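K.L.:
Residue numbers (the working numbering): 1 to 127.
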Amino acid sequence: MQYRCDHVHLRSRNAVAAAGFYAATFGAVERERIGGELVQRVVLDLGGLTVFIEQAGDEAHPTGPTPSLGIEHIGLAVDDLDAAFADLTRRGVPVRAGISSRGPNLRIAFFEGPDGALIEVLQRSPT
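1. Taking all protein chains shown into account, do 16 or more other C-beta atoms lie within 10 angstroms of the C-beta of Gln123, making it buried, or fewer, making it exposed?
2. Rounding to the nearest angstrom, what Cα-Cα distance links Ser125 and Ser101 in this structure?
3. Mapping the DSSP letters down to three states, classify Thr127 as helix, strand or coil.
4. Are the CB atoms of Arg13 and Ala77 within a distance shorter than 7 angstroms?
5. Can you give the Cα-Cα distance for Gly36 and Glu54, rounded to whole angstroms?
6. State whether the region 13 to 22 contacts the region 98 to 116, with contact taken as three or more CB pairs (one from each stretch) at a distance under 8 angstroms.
7. Compute the Euclidean distance between the alpha carbons of Asp32 and Val43, then round it to the nearest angstrom.
8. Please check the pair Asp6 and Thr50, which I expect to be a contact at CB under 8 angstroms, by giving their CB distance rounded to whole angstroms.
9. Within this structure, are the beta carbons of Gly75 and Glu30 separated by less than 7 angstroms?
10. Within 10 angstroms of the Cβ of Arg91, are there 16 or more other Cβ atoms? Answer buried if so, exposed if not.
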């Protein structure tokens, strides 16, 4: 049996606004809106990854503080972490953890997306 990633599924109090954040901030491309006047789901292409953003009802609860169990964050790779960090902070994206190194070939920073979603932006250098 071979498995492959099909999608990441997020829930939001405002799916359309959350999709707009990922499009404006990270260049995601909206592929589809499901539902009528009241959008139930927005489908995005985020660098080749399909992201579903589902309109959440009142029964949905925010995740707890990190570190947490289950899916904790989404990781987005860039070629220049310093430039990405400057761009995201200039645009007012909340920083959860500044740039740090995780060994000689990996640098990371964490930001907060809509509904408290944790987003890691990372730069891997060749070994």
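Glycine is no exception: its CB is placed at the ideal position from the N, C-alpha and C atoms.
What you are looking at is a predicted structure, and each value in this text was computed from that prediction instead of being measured.
P.N.:
For this structure:
1. Buried, by the Cβ-count rule.
2. Here the alpha carbon of Ser125 sits roughly 11 angstroms from the alpha carbon of Ser101.
3. Correct three-state label for Thr127: coil.
4. Judged by beta-carbon spacing, Arg13 lies beyond the 7 angstroms limit of Ala77, meaning their Cβ atoms are not closer than that value.
5. Roughly 14 angstroms separates the two Cα atoms.
6. Between the region 13 to 22 and the region 98 to 116, the count of Cβ pairs shorter than 8 angstroms is three or higher; the stretches touch.
7. The question names Asp, but residue 32 is Glu in the sequence shown. Roughly 5 angstroms separates the two Cα atoms.
8. Contact between Asp6 and Thr50 holds, since their C-beta atoms are separated by about 7 angstroms, short of 8 angstroms.
9. For the pair Gly75 and Glu30, the CB atoms are not nearer than the 7 angstroms cut-off.
10. It is exposed - the Cβ of Arg91 has fewer than 16 other Cβ atoms within 10 Å.
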